[in-house]
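Here the sequence shown is numbered in the numbering used here, starting from 50 and rising by one per residue. Where is the CB? At the ideal position from N, CA and C, for every residue including glycine.
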Amino acid sequence: MGLYPLIRPLVFALEAERAHRLTIAALKLRPVHRQQPSSPSSLAIKDTGLDFPNPIGLAPGFDKDAEVFGQALGLGFGFVEVGTLTPRPQAGNLKPRLFRLAEDRAVINRMGFNNQGQAAARGRLAAGPRAGIVGVNIGANKDSANRAHDYAEGVRAMAPVADYLTINISSPNTPGLRDLQDKEALEGLLTVVTMAGRGSANSARPPVFLKVAPDLEPSDIDDIARAALDFGLDGLIVANTTISRPPLRSRHRDEQGGLSGAPLRALALQRLRDFRKATGGRIPLIGVGGIESGRDAYERIRAGASLVQLYSALVYEGPGLVRRMLKELEQHLTRDGFASVADAVGTE
Ligand SMILES: Cc1cc2nc3c(=O)[nH]c(=O)nc-3n(C[C@H](O)[C@H](O)[C@H](O)COP(=O)(O)O)c2cc1C
Numbered sequence: 050m051g052l053y054p055l056i057r058p059l060v061f062a063l064e065a066e067r068a069h070r071l072t073i074a075a076l077k078l079r080p081v082h083r084q085q086p087s088s089p090s091s092l093a094i095k096d097t098g099l100d101f102p103n104p105i106g107l108a109p110g111f112d113k114d115a116e117v118f119g120q121a122l123g124l125g126f127g128f129v130e131v132g133t134l135t136p137r138p139q140a141g142n143l144k145p146r147l148f149r150l151a152e153d154r155a156v157i158n159r160m161g162f163n164n165q166g167q168a169a170a171r172g173r174l175a176a177g178p179r180a181g182i183v184g185v186n187i188g189a190n191k192d193s194a195n196r197a198h199d200y201a202e203g204v205r206a207m208a209p210v211a212d213y214l215t216i217n218i219s220s221p222n223t224p225g226l227r228d229l230q231d232k233e234a235l236e237g238l239l240t241v242v243t244m245a246g247r248g249s250a251n252s253a254r255p256p257v258f259l260k261v262a263p264d265l266e267p268s269d270i271d272d273i274a275r276a277a278l279d280f281g282l283d284g285l286i287v288a289n290t291t292i293s294r295p296p297l298r299s300r301h302r303d304e305q306g307g308l309s310g311a312p313l314r315a316l317a318l319q320r321l322r323d324f325r326k327a328t329g330g331r332i333p334l335i336g337v338g339g340i341e342s343g344r345d346a347y348e349r350i351r352a353g354a355s356l357v358q359l360y361s362a363l364v365y366e367g368p369g370l371v372r373r374m375l376k377e378l379e380q381h382l383t384r385d386g387f388a389s390v391a392d393a394v395g396t397e
């Protein structure tokens, strides 16, 4: 047991966004090591040309401005995704915009892509060697006249400092953004993004992932899967927060925004299975949503994910969670006779 259970009541006494800023400030005080802590060798996985020491990543939204990715890697994460970063800085929605639903082990947020912009993050990402894999999640400014253009700009600006890029078209908090998931809009976007990627120097052509919402109809899933395969995307990230509301107990349950954490688990798992079926295992999948234990990570891997990510569980479990999950995941693999994570992917 770490210290977190003792500190948690103090953290929870603070307004949620303030607590988050303090967490970032506290992490900044920790030293950044050149080497990541070692993970058991059975947890290593090679995917889209990258060597992940383990498959558990920090989901975007925690380190939006690339301030603490080094420290996050030091917690044991196999990779960290920063962002969402938009071309120009923007303030995001009015506060309060972040809510803890403690009784439900959930979070609702309507941050609205608050971030300092790509140039500021780019400077931090370019400063010095990194201890591990850092992906960059890009989005469009709320007031952009041409959203596809914003993504192309993001690819050009961030490819040189990213181990991978994520095209995020699934945030519920930028009005109209998720319409980019519709067939024609998506094909138009991917055409523009692919061209921007080709323009990059060979050395700066990181893998490109697409992050989708869990709130999709079967026909949307087929269209997205087809487009991802046709355009040669390197992975699909399933999923972002949900605008649906499974039964919740907390007083914040009716707040507008995207729901994450435990109540998202079943829906995100189902969507992962849907995308596994729609893509037939021909494209790597990254599972996200309600993952809070090694068992959850293992379940997502068996359902077809090569990698997983989490955010909300950190709020409830604290930073020691990652190490505990790695140990648990290793135990599940050994128990079921898998020599590696790759052997277990999609075996459910
Ligand atoms: C406060 C907060 C902010 C988030 N911001 C982003 C974001 O900027 N970009 C993004 O792609 N996802 C964002 N997410 C979604 C997470 O990356 C993740 O997809 C979602 O929370 C589900 O995972 P979880 O249940 O482990 O939290 C955010 C989530 C939370 C809770």
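Between the C-alpha atoms of residue i and residue j, what's the straight-line distance to the nearest angstrom?
i    : j    : result
T396 : R351 : 5 angstroms
A208 : R254 : 6 angstroms
A276 : V204 : 18 angstroms
L92  : A194 : 44 angstroms
G281 : V185 : 19 angstroms
R247 : V241 : 10 angstroms
V81  : A327 : 41 angstroms
D199 : N190 : 7 angstroms
F111 : N158 : 12 angstroms
S88  : N103 : 6 angstroms
E64  : L134 : 24 angstroms
P109 : Q230 : 19 angstroms
A211 : Q165 : 17 angstroms
E348 : L99  : 23 angstroms
A170 : R57  : 30 angstroms
I216 : A75  : 29 angstroms
A62  : A262 : 31 angstroms
Which residue comes first and which comes last in the beta strand (DSSP E) that contains residue i?
i    : result
E130 : 128 to 134
R171 : Counting along the chain, R171 falls outside any beta strand (DSSP E), though it belongs to the alpha helix (DSSP H) covering 167 to 175.
A155 : 155 to 158
V185 : 182 to 187
V287 : 284 to 287
K260 : 257 to 261
R179 : Careful: R179 lies outside any beta strand (DSSP E) and carries neither H nor E.
L147 : 147 to 150
What is the residue span of the alpha helix (DSSP H) that residue i lies within?
i    : result
L363 : 361 to 366
R57  : 53 to 62
K376 : 370 to 384
R275 : 267 to 279
V394 : Taken as a continuous stretch (DSSP letters only), V394 belongs to no alpha helix (DSSP H), as it is neither H nor E.
Return the chain-ordered list of same chain residues with a C-beta closer than 7 angstroms to the C-beta of residue i, the five sequence neighbours on each side being excluded.
i    : result
Q84  : A180
G141 : M160, G161, F162, N163
K144 : E66
A245 : A201, V204, R205
Can you find a C-beta in chain D that's less than 8 angstroms from the C-beta of residue i?
i    : result
H301 : Structure shown: chain D not included; a single protein chain is present.
Within the same chain, show all residues whose beta-carbon is closer than 6 angstroms to that of residue i, passing over the 5 residues directly before and after it, in chain order.
i    : result
L107 : A121, F126, V129
A391 : I94
V394 : I350, S355
Y365 : R154
L55  : none
Excluding sequence positions up to five away, which residues of its chain have a Cβ less than 8 angstroms from the Cβ of residue i?
i    : result
R331 : L278
Should residue i be listed as close to ligand 2, given that the test is whether its C-beta is under 7 angstroms from any heavy atom?
i    : result
L313 : In terms of ligand content, the structure shown lacks ligand 2 and carries ligand 1 instead.
(request) May I ask you to verify whether the region 114 to 132 touches the region 166 to 180, counting CB pairs closer than 8 angstroms and requiring at least 3? (result) Judged by pairs of C-beta atoms under 8 angstroms, the region 114 to 132 touches the region 166 to 180, as three or more such pairs exist.
(request) Would you list, in sequence order, the uninterrupted beta strand (DSSP E) runs of no fewer than 3 residues that lie entirely inside the region 297 to 354? (result) With a minimum length of 3 residues, the unbroken runs of beta strand (DSSP E) contained wholly in the region 297 to 354 fall at 307 to 310, 334 to 337.
(message) Give the list of continuous beta strand (DSSP E) stretches no shorter than 3 residues that lie fully inside the region 202 to 239.
(response) Within the region 202 to 239, complete beta strand (DSSP E) segments of at least 3 residues are found at 213 to 217, given in chain order.
(message) Could you tell me which whole beta strand (DSSP E) segments of length 3 or greater appear in the region 77 to 125?
(response) As far as the region 77 to 125 is concerned, its whole beta strand (DSSP E) runs of at least 3 residues are 94 to 96, 99 to 101, 105 to 107.
(message) With a threshold of 8 angstroms, are at least 3 pairs of Cβ atoms found where one atom belongs to the region 284 to 293 and the other to the region 332 to 352?
(response) Judged by Cβ distances under 8 angstroms, the region 284 to 293 makes contact with the region 332 to 352, as three or more pairs qualify.
(request) May I ask you to verify whether the region 58 to 72 touches the region 373 to 383, counting CB pairs closer than 8 angstroms and requiring at least 3? (result) Per the Cβ contact rule, the region 58 to 72 is not in contact with the region 373 to 383 (fewer than 3 Cβ pairs under 8 angstroms).
(message) Counting beta carbon pairs with one atom in the region 313 to 325 and one in the region 298 to 305, are three or more of them shorter than 8 angstroms?
(response) Here the region 298 to 305 does not lie against the region 313 to 325, with fewer than 3 beta-carbon pairs under 8 angstroms apart.
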